[in-house]
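What follows is a single structure, written as structure tokens, with notes after it.
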Amino acid sequence: MKRIVALLLVLALVGGAVYGAPKSKVKIALIIESTVDDKGWGQAMHDAIAAVQKKYGSALVEYNYSEKMKPVDAGSAARQYASRGFDIIIAHGAQFKNLILELSEEFPKTTFAFGTNADIGPKNVFTYMPMSEETGYINGVIAGMVTKTGIIGVVGPVDAGDSARYNRGFWLGVKSVNPKAEIKVAHTGSFADYVKAAELAHTHIKANADVLTGAAQQATGALRAVAEYKDKPIWWLGQDTLQLTMPEGYKVIAAASYDYAAVVEAMIDKRQDGTLGGENIPLTFRNGGFIYKFNDSVGSVLTAAIRKAAEQAKADITAQKLKIDWQAVKY
Amino acid sequence: MSAGSFILNILILGVPFSVALLLAGLGETINQRAGVFNLGCEGIMAMGAFLAFLPPYFLADTPLAGSANLIGLLLAIGAGVLLGLLFALVVVTFRAPQGIAGIGLQMLGWGTAGTLFRKYVGGVTGVAGIAPLPIPGLSRIPILGPILFNHNPLVYLAFLLVPVFWYVLFKTPWGLKVRAVGTYPRAADSLGIPVARVRYQALAVGGAMAGLAGAYLSLAQAKMFADDLIAGRGFIAVALVYFGRWNPVGVLGGALLFSLAQSLQLSIQVAGIDFPYEFAVMLPYALVILVLALVRKSRMAGPAELGRPFDREQRV
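So the protein sequences, as listed, match chains A and B. Take the first sequence: its letters are residues 23 to 353, numbered as in this note's numbering. Take the second sequence: its letters are residues 313 to 628, numbered as in this note's numbering.
This is the structure:
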């Protein structure tokens, strides 16, 4: 028994918190502006909640979701969920902030959550923030070692939130292994304009970039554009591991993704212990909030040296030996 | 990168970026010349993009794979015609307000495409799509070759359709009828021109072009489908018709101006020029608004009866 307790303590310290099954049934609702199968932002949260539900069973975790919710429509959906007795309502996107803050006063016994946001919310509102500079850094290390032209393109949505963290972490990762590399950061101004993301990717490639990366669901459009250069050594580093399984996956060297299960479990656990909100929950490698996968079938571009350097960076970040000062990056 | 390569890349990328706007804008020009503005263009494009995507997706490993893109294009055009006729039924026969009906059609197309995509395809995924077709000889001409002759076949088709639409609109009896029912339908009616039928025909043509524009996005440009693939391009196409003063050549100018500005702002960002990206992203839209504001009002006069339903029984 002592061994088990000791093991759990070690796991809690090294790998993040360990959560047990909910003490009583918990009802979770998700509200998203995209869809649960967008191979990006929306799907990451949906998959996490579904995984938690699968882990504990439908008898303990009830789950409903509403897709394609613009902030103006999301209010009625969230109000209905709250009125129907849902315990935790997650509005997945910073655009839902005002709505959630307003509803949290109307339904003080309901737990609300929105993200990505680093603010501390009211006492029944959790916020969550992926520390995406960590995944960006590792992708940057790979990009810096892979590039032959010395030009690397970033397809950003907007310069805010976790995307801004990712891009700056990526910049630092590239510079750590290849200080001479040029990193061209550009933004489409949209999270979901796949066509514009593809246009931006083509523009990067015309400007001699041979490694590209990008965040948000629009990144799928950019990856699709990269895949058009089928026989050319132009590569992609993903911010979602689902991109590895797409037909264009042969262009993806490696990809990271968010595992919101840690956030969802933390919220359930805290709520059942009487904390309805008022905290910011980060996603890090350390707490299991990130997954990182190499593409083993990508071929010779992923050398043993590159893999080793990326794994070392990940280990250093997880052990907090490597501090990523993303806010200092000006590009 | 040299200044020459910078400008050349803007031109090379700007041309294919303009095609969806151009195709939809040409169709919308016919609509509006007939007195009907179709804000549902966005929804028809969404349906066109979705239906065009299906054959290459489902027939990829079948003997029909070689014809899949063509089948997709035909499906998109067919769906566009049907939705155009549906819109005609609502605004021509039932005389519903065109603005509201257009928004309804936009939502219908967008929602239906998204729902069917979820049911029959699932998540976001890509297709091989339409490959580039460099024109032998011409594509090797320095500078002009890569700008004009190194694209997919739909790019050439779109640019060839500009003189065709101009000719049809200004040099054929049908074009005259279209312009007549958009300018003075009562006079056209008194001359025996069936106003409703001509407007139905114009909306069918406009729908076909919007469907084709959507197909271009999913088969030739993005080579994928997603719920928000169109992302407002249908509305931009409607605005470009005003910009182009209801003339196919003017619409071509508007589409090129918008897409070159888009290509310019992306290239500015990629070149690392110190310029706030928020302003860069706004550039194409700001430029179109600026040009619209600077064009003299007298030159902006559109079809006199644009947006007004025709009722031959109504006294004037």
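From the three backbone atoms N, C-alpha and C, an ideal C-beta is built for every residue, glycine too.
Check your understanding: If we count the other Cβ atoms within 10 Å of its Cβ and call it buried at 16 or more, is residue 349 (chain B) buried or exposed?
Key -> What you label residue 349 (chain B) is simply residue 37 of the second sequence in a count that begins at 1. Its Cβ being crowded by 16 or more others within 10 Å, residue 349 (chain B) is buried.
message = Checking 8 Å against the spacing of the C-beta atoms, do residue 617 (chain B) and residue 494 (chain B) come in under that value?
response = By 1-based counting over the second sequence, the position of residue 617 (chain B) is 305. By 1-based counting over the second sequence, the position of residue 494 (chain B) is 182. Going by C-beta atoms, residue 617 (chain B) is nearer than 8 Å to residue 494 (chain B).
Can you confirm whether residue 357 (chain B), when its beta carbon is compared against all beta carbons of chain A, has any partner nearer than 8 Å?
Taking the second sequence and counting its residues from 1, the one referred to as residue 357 (chain B) is at position 45. Chain A contact via Cβ: absent.
query = Counting only beta-carbon atoms, is residue 584 (chain B) nearer than 8 Å to chain A?
reply = For the purposes of this step, residue 584 (chain B) is taken as the residue at position 272 of the second sequence. So, interface residue.
Fill in: Interface flag, residue 38 (chain A) vs chain B, CB-CB below 8 Å
Along the first sequence, one-based indexing puts residue 38 (chain A) at 16. Here residue 38 (chain A) scores only 49 on pLDDT, less than 50, and its place in the model should not be relied on; the value that follows carries that caveat. No, its Cβ sits nowhere closer than 8 Å to a Cβ of chain B.
Discussion item. With DSSP as the reference, identify every bridge partner of residue 67 (chain A), one or two as the case may be.
Written reply: Counting from 1 along the first sequence, the entry for residue 67 (chain A) is found at position 45. Bridge pairing for residue 67 (chain A): absent [DSSP].
Checking 8 Å against the spacing of the C-beta atoms, do residue 200 (chain A) and residue 271 (chain A) come in under that value?
The sequence position of residue 200 (chain A) within the first sequence is 178, counting from 1. The sequence position of residue 271 (chain A) within the first sequence is 249, counting from 1. In this structure, residue 271 (chain A) does not lie closer than 8 Å to residue 200 (chain A) by Cβ.
Hey, quick one: how far does the beta strand (DSSP E) through residue 315 (chain A) stretch, first residue to last?
-> Locating residue 315 (chain A) in the first sequence gives position 293, where the first residue counts as 1. Start and end: 312-316.
Using a Cβ-Cβ cut-off of 6 Å (strictly less than) and excluding sequence neighbours within five positions of residue 300 (chain A), which residues of its own chain qualify? The count along the first sequence starts at 1 and reaches residue 300 (chain A) at position 278. 145, listed in sequence order.
Taking buried to mean at least 16 other C-beta atoms within 10 Å of its own C-beta, is residue 349 (chain A) buried or exposed? Within the first sequence, residue 349 (chain A) is the residue found at index 327, counting from 1. Exposed: under 16 other Cβ atoms inside 10 Å.
Chain B partners of residue 60 (chain A), CB-CB under 9 Å? Reading the first sequence from its first residue, position 38 is the one you call residue 60 (chain A). For a Cβ distance threshold of 9 Å, residue set 435, 436, 538 and 539 of chain B lies close to residue 60 (chain A), ordered along the chain.
CB-CB under 6 Å to residue 191 (chain A), same chain, minus the five flanking residues each way: which ones, in chain order? In the first sequence, the residue the question calls residue 191 (chain A) occupies position 169. Leaving aside the five residues that flank residue 191 (chain A) on each side, the residues in its chain whose CB is nearer than 6 Å to its CB run, in chain order, 155, 158, 159, 346 and 348.
*Within 8 Å, strictly: CB atoms of residue 540 (chain B) and residue 116 (chain A)*: Numbered from its first residue, the second sequence carries residue 540 (chain B) at position 228. Numbered from its first residue, the first sequence carries residue 116 (chain A) at position 94. It is not a contact, given that the beta carbons lie outside the stated cut-off.
| Cα-Cα separation, residue 35 (chain A) to residue 129 (chain A) | Residue numbering aside, residue 35 (chain A) sits at position 13 when the first sequence is read from its first letter. Residue numbering aside, residue 129 (chain A) sits at position 107 when the first sequence is read from its first letter. Its pLDDT being 41, under 50, residue 35 (chain A) is placed unreliably by the model, and the measurement read from it follows with that caveat. For residue 35 (chain A) and residue 129 (chain A), the distance between alpha carbons rounds to 35 Å.
State yes or no: is the beta carbon of residue 103 (chain A) nearer than 8 Å to at least one beta carbon in chain B? For this step, residue 103 (chain A) is matched to residue 81 along the first sequence. With its beta carbon at least 8 Å from every one in chain B, residue 103 (chain A) lies outside the interface.
| DSSP on residue 157 (chain A), reduced to helix/strand/coil? | On the first sequence, residue 157 (chain A) is found 135 positions in, with the first residue counted as 1. Of the three classes helix, strand and coil, the one that applies to residue 157 (chain A) here is helix, per DSSP.
* Option nearest residue 321 (chain A) by Cα separation, candidates A:80, A:75, A:273 and A:234 -> Looking up residue 321 (chain A) in the first sequence gives position 299. Looking at the Cα atoms, A:273 is the closest of the given residues.
Practice prompt. Flag residue 215 (chain A) as yes if its beta-carbon sits less than 8 Å from any beta-carbon of chain B, otherwise no.
Written response: Working through the first sequence from its first residue, we reach residue 215 (chain A) at position 193. It does; some Cβ of chain B falls within 8 Å.
message = Once DSSP output is grouped into helix, strand and coil, what is the label at residue 257 (chain A)?
response = Within the first sequence, numbered from 1, the residue matching residue 257 (chain A) stands at position 235. Residue 257 (chain A) falls in the strand class under three-state DSSP.
Original post:
According to DSSP, is residue 604 (chain B) helix, strand or coil?
Top reply: The sequence position of residue 604 (chain B) within the second sequence is 292, counting from 1. Residue 604 (chain B) falls in the helix class under three-state DSSP.
| query | Which residues share a DSSP beta bridge with residue 41 (chain A)? | reply | Along the first sequence, one-based indexing puts residue 41 (chain A) at 19. Note: residue 41 (chain A) sits in no beta bridge, so no partner.
message: Just verifying my parser: in three-state terms, what is the DSSP assignment at residue 226 (chain A)?
response: Translated into positions along the first sequence, residue 226 (chain A) becomes position 204. Helix at residue 226 (chain A).
Check your understanding: Pick from B:603, B:372, B:385 and B:324: whose alpha carbon is nearest that of residue 532 (chain B)?
Key -> Sequence index remark: in the second sequence, residue 532 (chain B) carries index 220 (1-based). Comparing Cα-Cα distances from residue 532 (chain B) to each of B:603, B:372, B:385 and B:324, the minimum goes to B:385.
Q. Looking at the C-beta of residue 500 (chain B), does it have a partner C-beta in chain A at a distance below 8 Å?
A. By 1-based counting over the second sequence, the position of residue 500 (chain B) is 188. So, not an interface residue.
message = Cβ closer than 7 Å: which chain A residues qualify as neighbours of residue 381 (chain B)?
response = Position 69 of the second sequence, counted from the start, is the residue given in the question as residue 381 (chain B). Under the 7 Å cutoff, chain A gives no residues; its nearest Cβ is about 15 Å from residue 381 (chain B).
So, is residue 256 (chain A) buried or exposed, given that buried needs 16 or more other C-beta atoms within 10 angstroms? By 1-based counting over the first sequence, the position of residue 256 (chain A) is 234. Looking at its Cβ environment, which holds 16 or more other Cβ atoms inside 10 Å, residue 256 (chain A) is buried.
Item to complete: Note down, in chain order, each residue of its chain lying with its Cβ closer than 7 Å to the Cβ of residue 251 (chain A), except the 5 sequence neighbours on either side.
Response: Sequence index remark: in the first sequence, residue 251 (chain A) carries index 229 (1-based). Sequence-distant partners of residue 251 (chain A) (beyond 5 residues in either direction) whose C-beta falls short of 7 Å from its own C-beta, in its chain, are 227.
Query - residue 114 (chain A) - partner residues in DSSP beta bridges - result: Taking the first sequence and counting its residues from 1, the one referred to as residue 114 (chain A) is at position 92. Beta-bridge pairing links residue 114 (chain A) to A:137.
Are the Cβ atoms of residue 413 (chain B) and residue 404 (chain B) separated by less than 8 Å? In the second sequence, residue 413 (chain B) corresponds to position 101, counting from 1. In the second sequence, residue 404 (chain B) corresponds to position 92, counting from 1. At the C-beta level, residue 413 (chain B) and residue 404 (chain B) stay beyond 8 Å of one another.
**Asked** If residue 536 (chain B) sits next to residue 260 (chain A), beta carbons under 8 Å apart, how far is it from one beta carbon to the other, in whole angstroms?
**Response** Indexing the second sequence from 1 puts residue 536 (chain B) at position 224. Indexing the first sequence from 1 puts residue 260 (chain A) at position 238. So it is not a contact: roughly 15 Å between Cβ atoms.
- Let me know the secondary structure DSSP gives residue 438 (chain B) once reduced to three states. Counting from one through the second sequence, the residue named residue 438 (chain B) turns up at place 126. Residue 438 (chain B) falls in the strand class under three-state DSSP.
message = Considering only the alpha carbon of each residue, which of A:61, A:208 and A:353 lies closest to residue 265 (chain A)?
response = Locating residue 265 (chain A) in the first sequence gives position 243, where the first residue counts as 1. Looking at the Cα atoms, A:61 is the closest of the given residues.
Counting pairs of Cβ atoms below 8 Å between the stretch 473-489 of chain B and the stretch 578-597 of chain B, do you hit three or more? no
Review point. Using 8 Å as the limit for Cβ to Cβ distance, is residue 34 (chain A) near chain B?
Key: Numbered from 1 along the first sequence, position 12 holds the residue referred to as residue 34 (chain A). With a pLDDT of only 45 at residue 34 (chain A), under 50, the local geometry of the prediction cannot be trusted, and the value read off the model is given with reservation. Interface flag for residue 34 (chain A) against chain B is unset, since no Cβ pair is found closer than 8 Å.
>> With a threshold of 7 Å on Cβ separation, who are the neighbours of residue 624 (chain B) within its own chain once the five nearest residues in sequence on each side are excluded?
In response: Stepping through the second sequence from its first residue, residue 624 (chain B) is reached at position 312. 501, listed in sequence order.
**Rounded separation between residue 33 (chain A) and residue 306 (chain A) - CA only** = Within the first sequence, the letter at position 11 stands for residue 33 (chain A). Within the first sequence, the letter at position 284 stands for residue 306 (chain A). Only weak support is given to the placement of residue 33 (chain A): the predicted model assigns it a pLDDT of 43, under 50, and the value that follows is read from those uncertain coordinates. The alpha-carbon atoms of residue 33 (chain A) and residue 306 (chain A) are separated by roughly 15 Å.
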